[in-house]
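Undergrad: These protein sequence lines map, in sequence, to chains R and L.
Start counting the first sequence at 5; every next residue gets the next number (our numbering).
Start counting the second sequence at 79; every next residue gets the next number (our numbering).
Note that beta-carbon positions come from the ideal geometry of N, C-alpha and C, so glycine has one too.
Here the structure is a predicted model, which means the values were calculated and not measured.
My questions all concern the structure below.
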Amino acid sequence: MRVKGEIDAYEVMAVNPYKALIVPRMVSGFLITPILTLIGTFTGILGGYIITVMVQGSNAWGFMGNLFNWLDMTDILGGIIKAAFFGILVILISCYYGFHVRGGAAGVGQATNDAVVASVVSIMVMNYFLTTAFFGFNI
Amino acid sequence: MALPSIQSRGLLSFLFAEFGRFTFFLMESVRNLFYRKFYFTNFIDEMNTIGSRSLLVLFPVAAFIGMNLCVEGYIIFKKFGAQDLVGMFVAVANIRELSPMIAGLVVGAKAGTQMAARIGTMRIGKQIDALEVMGVNPYPYMILPRILAAVLVLPLLVVVTYFVSTLSAYLVAVFQLHLNGSAFMDLVFSNITVQDMLKGMVKGSVFGAIVTTISCYSGYTASGGARGVGVATNLAVVRMSTAIVFINIVLTQMMFM
């Protein structure tokens with residue numbers, strides 16, 4: 005949209021591009037990533053169950069019992085809060101790179117590339133600090 | 079290209095068409111391994127691009143993965159009162175699974191998206207057509223040097239990842255978690271063999287082949303102006319990360335079971 009001048013057109017029409025383009029994406033990222041995390045958690049545990057119980061043939065009740073013994077609500081909540089942070093972070097970074105792209109088709113490709121790299125690195129860095137903040141209190 | 083054709087043709091026929099196109103691309107790449115001309119300068123250039131550009135991204139990612147792994151392992155092992163054994167967890171998880179995947183994903187995120195964007199731009203600017211008109215075969219000229227370079231460079235990046243992530247895990251274990259450093263390193267060395275590390279390097283080079291093939295394919299089939307380049311780059315990331323995770327399961331089952 006930046007390359008084709010559509011964002012300039014928004015501004016000419018007195019529509020605030022931040023309100024129209026960035027804010028909806030950030031809010032939806034904040035709301036959707038926790039739900040995706042729940043689905044991911046469920047699918048991941050299901051995959052682990054299939055491999056350990058059905059393929060390797062260990063005890064199903066042992067697997068589920070240990071799962072519920074050692075997992076408590078703070079783990080799941082911590083994961084969800086982390087995911088909400090990541091959602092905002094990734095969308096903010098991607099929108100920033102897209103918003104300030106210049107230089108035609110090549111520039112769009114370059115911006116997408118930069119956005120992916122910056123998102124990956126910042127998620128990894130953020131993850132460590134969030135883990136220490138949420139789960140590392142009583143170390 | 080991708081989104082409109084899903085809507086116009088239906089998901090199943092879209093998947094079949096895409097699969098067929100990818101198979102054709104793959105066959106053409108393999109066939110051109112024996113092309114009469116090998117563009118050696120391009121090959122060296124690509125090795126430089128993939129290796130040295132990805133290294134700057136790889137360092138922080140690998141370091142923070144190692145640190146995080148150490149903290150998580152500590153939290154889990156502390157519930158059993160076995161927090162001194164965290165070195166074992168870090169070593170096995172890091173060297174067998176995570177390091178090749180991190181190296182593959184970082185090269186995908188950095189060099190792969192760049193390839194998709196660059197080749198997509200060339201496709202949309204009709205530069206690939208111009209190459210063909212000039213009698214230059216685009217596969218040995220653009221695609222093959224990238225794939226071969228990734229296959230050669232990725233194992234080295236995997237070794238760097240081993241070193242960086244284990245070192246950062248060690249630093250976290252000693253300075254944040256106050257564990258015994260030499261006991262930590264003892265556990266790392268006693269649970270990891272040289273064969274594990276070699277297998278990880280093989281994994282890395284398979285991931286390199288997959289990542290570069292998929293991103294070159296996504297760029298090569300791009301269409302539709304500036305937006306098409308963005309779509310191609312996006313598709314490259316989605317396809318390569320899914321493919322890496324899937325192939326990783328298969329490789330782990332083949333190597334370590």
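(1) Report the CB separation of V236(L) from M279(L) in whole angstroms; it is logged as a contact under 8 Å.
(2) Does V129(R) get closer than 7 Å to chain L when you measure Cβ to Cβ?
(3) Grouping DSSP H, G and I as helix and E and B as strand, with all else coil, what is T299(L)?
(4) Put D79(R) into one of helix, strand or coil per three-state DSSP.
(5) So with CB distances below 7 Å, who are the chain L contacts of V121(R)?
(6) Whose CA, out of D79(R), F89(R), W65(R), lies closest to the CA of S32(R)?
(7) Using beta carbons (cut-off 7 Å, strictly below), is T116(R) in contact with chain L?
(8) By Cβ distance below 7 Å, which residues in the same chain neighbour Y217(L) in space, the five residues on each side in sequence not counted?
(9) Who are the neighbours of M212(L) on chain R, taking C-beta pairs under 9 Å?
(10) Identify each residue in the region 48-62 of chain R for which the Cβ-Cβ distance to at least one residue of chain L is less than 7 Å, and report them in chain order.
(11) With distances taken between CB atoms, is the gap from V120(R) to A187(L) smaller than 7 Å?
(12) Can you give me, in chain order, the residues of the region 303-318 of chain L that have a beta carbon less than 7 Å from any beta carbon in chain A?
(13) Could you name the residues of chain L that V94(R) contacts, counting a contact when the two beta carbons are closer than 9 Å?
(14) Taking Y53(R) as the reference, give the member of I43(R), L42(R), T41(R), G66(R) with the closest Cα.
(15) Between F324(L), T320(L), G308(L), which has its C-alpha nearest G111(R)'s C-alpha?
(16) If you count every other CB in all the chains shown that lies within 10 Å of the CB of G113(R), and 16 or more means buried, which is it?
(17) Is the Cβ of F103(L) closer than 7 Å to any Cβ of chain R?
TA: Well, looking at it:
(1) The count along the second sequence starts at 1 and reaches residue 236(L) at position 158. The count along the second sequence starts at 1 and reaches residue 279(L) at position 201. The Cβ separation is near 5 Å, so the contact holds.
(2) Translated into the one-based positions of the first sequence, residue 129(R) becomes position 125. Output row for V129(R): interface = yes.
(3) Mapped onto the second sequence, residue 299(L) falls at position 221. The answer is coil: DSSP assigns T299(L) none of H, G, I, E or B.
(4) Translated into positions along the first sequence, residue 79(R) becomes position 75. DSSP places D79(R) within a helical segment (H, G or I) once states are collapsed to three.
(5) Sequence index remark: in the first sequence, residue 121(R) carries index 117 (1-based). Correct list: V135, A187, K188.
(6) For this step, residue 32(R) is matched to residue 28 along the first sequence. Per the Cα distances, F89(R).
(7) Along the first sequence, read from residue 1 onward, the residue named residue 116(R) stands at position 112. It does: the Cβ of T116(R) has a partner Cβ on chain L nearer than 7 Å.
(8) One-based indexing of the second sequence puts residue 217(L) at position 139. These residues qualify, in order along the chain: E106, S107, N110.
(9) As a first step, residue 212(L) must be located in the second sequence, where it is residue number 134. Chain R residues near M212(L): none, gap ~21 Å exceeds 9 Å.
(10) Taking 7 Å as the Cβ-Cβ cut-off, the region 48-62 of chain R has no residue approaching chain L.
(11) For the purposes of this step, residue 120(R) is taken as the residue at position 116 of the first sequence. For the purposes of this step, residue 187(L) is taken as the residue at position 109 of the second sequence. A contact, by the Cβ cut-off of 7 Å.
(12) Included in the structure are the protein chains R and L, with no chain A among them.
(13) By one-based count along the first sequence, residue 94(R) stands at place 90. By Cβ distance, chain L contributes nothing, its closest Cβ being about 12 Å from V94(R), past 9 Å.
(14) Here the question's residue 53(R) lines up with position 49 in the first sequence. Among I43(R), L42(R), T41(R), G66(R), the Cα nearest to that of Y53(R) is on G66(R).
(15) Translated into positions along the first sequence, residue 111(R) becomes position 107. Per the Cα distances, G308(L).
(16) By 1-based counting over the first sequence, the position of residue 113(R) is 109. G113(R) comes out buried.
(17) Indexing the second sequence from 1 puts residue 103(L) at position 25. Cβ-Cβ to chain R under 7 Å: no for F103(L).
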